[in-house]
Amino acid sequence: MRWQQYVTSRGHEETTFLIIDAQNVQNADTAMEKGYDAGKKVSGIKRHIAVDTQGLPHPLR
Numbered sequence: 005m006r007w008q009q010y011v012t013s014r015g016h017e018e019t020t021f022l023i024i025d026a027q028n029v030q031n032a033d034t035a036m037e038k039g040y041d042a043g044k045k046v047s048g049i050k051r052h053i054a055v056d057t058q059g060l061p062h063p064l065r
């Protein structure tokens, strides 16, 4: 549904500009995935998100 909204508002299917960001998230000690970000001194996972200029999310591969 969001993709249809995007195509109708923009007129084409190709994205020309994406904003990519990352966020560190603390998770429980029992989590299967765990890392450490030395710059922020946070243990947990890092999640990434990309959005276009309309604010619609795009998958990262």
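Numbering follows this note's numbering, with no gaps: position 21 of the sequence shown is 25. Just so it is clear, CB atoms sit at the ideal spot from N, CA and C, and this is done for glycine as well. Since the model is a prediction, treat every value here as computed from it, not as a measurement.
Query: May I have the straight-line CA-CA distance separating Ser47 from Val29, to the nearest angstrom?; Result: 8 Å
Query: Can you look up Leu64 in the DSSP assignment and give me helix, strand or coil?; Result: coil
Query: With DSSP collapsed to three states, give me the class of Arg30.; Result: First, the amino acid is wrong: residue 30 is Gln here, not Arg. Of the three classes helix, strand and coil, the one that applies to Gln30 here is coil, per DSSP.
Query: In this structure, does DSSP put Gly43 in helix, strand or coil?; Result: coil
Query: How many Å lie between Gln27 and Ile53 at the Cα?; Result: 8 Å
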